[in-house]
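J.: If you want our numbering, it's the 1-based position in the sequence shown plus 61. Pasting in a structure now, in structure tokens, and then I'll have a few things to ask.
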Amino acid sequence: MKNYLTISEVRKGLESKEFSSYELMQHYLKRIKDYSRLNAYVTLDEDKALASAQQADERIAKGEDLPLLGVPIAVKDLFCTKGIRTTACSKILSEFVPEYESTVTQNLLDNGAVFIGKTNMDEFAMGSANITSYFGACFLPYRKKSKPDMELVPGGSSGGSATAVASDLCVAATGSDTGGSIRQPAAFSGLVGIKPTYGLCSRWGMVAFASSLDQAGPLTKTVKDAAIMLKAMAGYDPKDSTSENVEIPDYTTFLDQSVKGMRIGIAKEYLEGLNDENLALLEKVKSWLIDAGCEVVDISLKTTSYALPAYYIIAPAEASSNLARYDGVRYTKRAENFSNIDELYINSRSEGFGEEVKRRILTGTYVLSAGYYDAYYTRALKIQKMIKEDFRDNAFAKVDLILCPTTPSTAFGIEESANMTPIEMYLNDVYTVNANIAGLPAISVPAGLSKDGLPMGVQLIGNRFAEGDIFKVSHVIEKSANFAELRKEIITI
Ligand code: GLN
């Protein structure tokens, strides 16, 4: 079996009977064992996975045809999966087995997908290195040329999904993105990752972090796979009051459309403080887009630097409220020692949450408290409004898409990340949080390799529901970068 199969290649192989879904599942389950030290998966139910692959084979034999029929997909452990443990990689949820299926995973199942298992992530999706997981860190299979012994992290919080796709331990995976958790791991891992418009994918059955910012999306090997996955995941859901009732087009039809005449904005604020490698990559991408007929326009988004501080007020505020439900009574792992109800709550929460989650709850509670609400939370919401208006008036009134970096650096080492202060860690999100704050769709596409041989991504941000345009331009970048060839140069273990 050829390695690193894409969704279309799998579908073709299944149709032509080159392999069965069952064989494919066996192949991935074996690879997962061989690469268990990467710690990509936190829950596997092999019998269930093989049984659903077999059912898919029976459906294929009957002539059924669905976009993901028989395709093995990995699921971030933040999506509730009926009868399969869902922990958000927190001790407090380590025994939680949902009785319902999240809408996004149900949509994937309805499209014929077969699930391999649940992937590692930062606890409650809080982090940028996948080092806050209750189940331990997870690792990228790549090596830096200059430091071949250094263990690298895949980024976070969807680190397990990124590792699983990049190491070919599944065909594609789901992720979630509150401040960059799909795009940053995608950039570190040489993958495509899209956070769609807020409201495009239902949040029902996703473990909530910051509800006004959380969005589901795919991590995939190619732009085409991302287009197929997103179409399957998205759709109106009356069970989520913020779900958008819009038609979801077949995004693959955008891929080969001409980009002639499209206007791509580069905001000077995103270039400030950027390292030379990132700047050179953006110049290269700019020239590819010009060659393809786009017009590249200089723009200015003056609110850019306010997004990160606003995010680190709004997200913890919402998290502190969302995580109040984990009290040792429902869903959760209860502390063993307590002598009254207060102690039950306190001990269960003290023992069940990790350090970073506690920091967010404390920060969130502080900014929402009576004396500080106006000084922090209300101001952050005002900034959010300014950022939205800035995008509207100074970007999308003039251009179709914005081109900018995804991350300030390439993948870093596990020790480097362990030594970062919380603020240093938060700074990794400096280019990604803006799209969440404004509810806009944004993608990270692999566009090159660093001098040290690691993947580098670039980001495209679009106006609400401009996913089609995003895929169209991403496809040009993917083809021009010829990343499938570049990938072969990465030192992989
Ligand atoms: N890294 C960011 C944080 O720690 C974003 C997380 C996310 O998108 N879930 O909050």
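Positions of the beta carbon are idealized from the N, C-alpha and C atoms, including for glycine.
Using a Cβ-based criterion (distance less than 6 Å to any ligand heavy atom), does M481 qualify as near the ligand GLN?
T.: Not under cutoff, so the answer is no.
J.: According to DSSP, is G236 helix, strand or coil?
T.: Three-state result, G236: strand.
J.: Should G240 be counted as a contact of the ligand GLN given a C-beta to heavy atom distance under 6 Å?
T.: Because some heavy atom of the ligand GLN lies under 6 Å away, the Cβ of G240 counts as near it: yes.
J.: Spatial neighbours of P246 within its chain, please: CB distance less than 6 Å, with the 5 preceding and 5 following residues excluded, ordered by chain position.
T.: Only P215, G216, S219, G220, A223 meet the Cβ criterion.
J.: Measuring from the CB of M182, is there a heavy atom of the ligand GLN at a distance below 6 Å?
T.: Not so, every heavy atom of the ligand GLN lies at least 6 Å from the Cβ.
J.: Please determine whether the Cβ atom of A186 lies at a distance below 6 Å from any heavy atom of the ligand GLN.
T.: Flag set: Cβ of A186 near the ligand GLN.
J.: Between the alpha carbons of T424 and I407, how many angstroms are there, rounded?
T.: Their backbone Cα atoms lie some 18 Å apart in a straight line.
J.: Check each candidate in K282, G278, T303 and name the one with the smallest Cα separation from A295.
T.: A295 has its Cα closest to that of G278, out of K282, G278, T303.
J.: Over what stretch of residues does the alpha helix (DSSP H) that includes V132 continue unbroken?
T.: Counting along the chain, V132 falls outside any alpha helix (DSSP H), and DSSP gives it neither H nor E.
J.: At which residues does the beta strand (DSSP E) containing P466 begin and terminate?
T.: Per DSSP, P466 belongs to the beta strand (DSSP E) from 462-466.
J.: Should I68 and D286 be called a contact, given that it needs their Cβ atoms to be closer than 7 Å?
T.: Closer than 7 Å, so yes.
J.: Just reading off the alpha helix (DSSP H) that Q87 is part of, what are its end residues?
T.: Where Q87 is concerned, the enclosing alpha helix (DSSP H) stretches over 82-95.
J.: For A503, does the three-state DSSP call read helix, strand or coil?
T.: Looking at A503 - three-state DSSP - the assignment turns out to be strand.
J.: With a threshold of 6 Å, establish whether the CB of S189 neighbours any heavy atom of the ligand GLN.
T.: Yes, the Cβ of S189 comes within 6 Å of a heavy atom of the ligand GLN.
J.: Check I309 in the structure and name its three-state DSSP category.
T.: If DSSP states are grouped into helix, strand and coil, I309 belongs with coil.
J.: Have a look at the DSSP bridge pairing and note the partners of V175.
T.: Partner(s): P133.
J.: Between S155 and T148, which are expected to be in contact by the criterion C-beta below 8 Å, what is the C-beta distance as a whole number of angstroms?
T.: That pair is a contact at about 5 Å.
J.: By alpha-carbon positions, which one of L169, V494, F249, K78 ends up nearest to K282?
T.: Looking at the Cα atoms, F249 is the closest of the given residues.
J.: Jot down the residue ranges of each uninterrupted alpha helix (DSSP H) in the region 332-372, minimum 4 residues, whole runs only, in chain order.
T.: The region 332-372 contains these whole alpha helix (DSSP H) runs: 337-352.
J.: So, does the region 365-379 touch the region 442-449, judging by three or more C-beta pairs under 8 Å?
T.: Taking 8 Å as the limit for Cβ pairs, the verdict is that the region 442-449 does touch the region 365-379.
J.: Should the region 337-348 be regarded as contacting the region 375-391, the criterion being three or more beta carbon pairs within less than 8 Å?
T.: The answer is no - the region 375-391 does not touch the region 337-348, with fewer than three Cβ pairs under 8 Å.
J.: Hey, quick one: how far does the alpha helix (DSSP H) through Y406 stretch, first residue to last?
T.: Run containing Y406: 402-413, per the alpha helix (DSSP H) assignment.
J.: Nearest to E416 by alpha carbon, out of L75, G188, K109?
T.: It is G188 whose Cα lies nearest to the Cα of E416.
J.: Does the region 493-510 come close enough to the region 248-263 to have 3 or more Cβ pairs within less than 8 Å?
T.: Yes, since at least three Cβ pairs between the region 493-510 and the region 248-263 fall closer than 8 Å, the two stretches touch.
J.: Taking 6 Å as the cut-off, does the CB of D388 come closer than this to any heavy atom belonging to the ligand GLN?
T.: Result no, Cβ not under 6 Å from the ligand GLN.
J.: Check whether the Cβ of S218 sits closer than 6 Å to any heavy atom of the ligand COA, and report yes or no.
T.: Of the ligands this structure carries, namely the ligand GLN, none is the ligand COA.
J.: Comparing alpha-carbon positions, which option in R440, A385, C355 lies nearest G413?
T.: G413 has its Cα closest to that of A385, out of R440, A385, C355.
J.: Is DSSP giving V226 helix, strand or coil here?
T.: DSSP places V226 in helix when its eight states are reduced to three.
J.: Does at least one heavy atom of the ligand GLN sit under 6 Å from the Cβ of D490?
T.: It does: the Cβ of D490 is within 6 Å (strictly closer) of some heavy atom of the ligand GLN.
J.: Is I554 buried or exposed, if buried means 16 or more other CB atoms sit within 10 Å of its CB?
T.: I554 comes out exposed.
J.: If I follow the unbroken beta strand (DSSP E) through Q276, where does it start and stop?
T.: From DSSP, the beta strand (DSSP E) with Q276 extends over 276-281.
J.: Please go through the same chain and pick out, in chain order, the residues whose beta-carbon is closer than 6 Å to the beta-carbon of G523, but skip the five residues on each side of it.
T.: So the qualifying residues of the chain are L462, P502, D530, I531.
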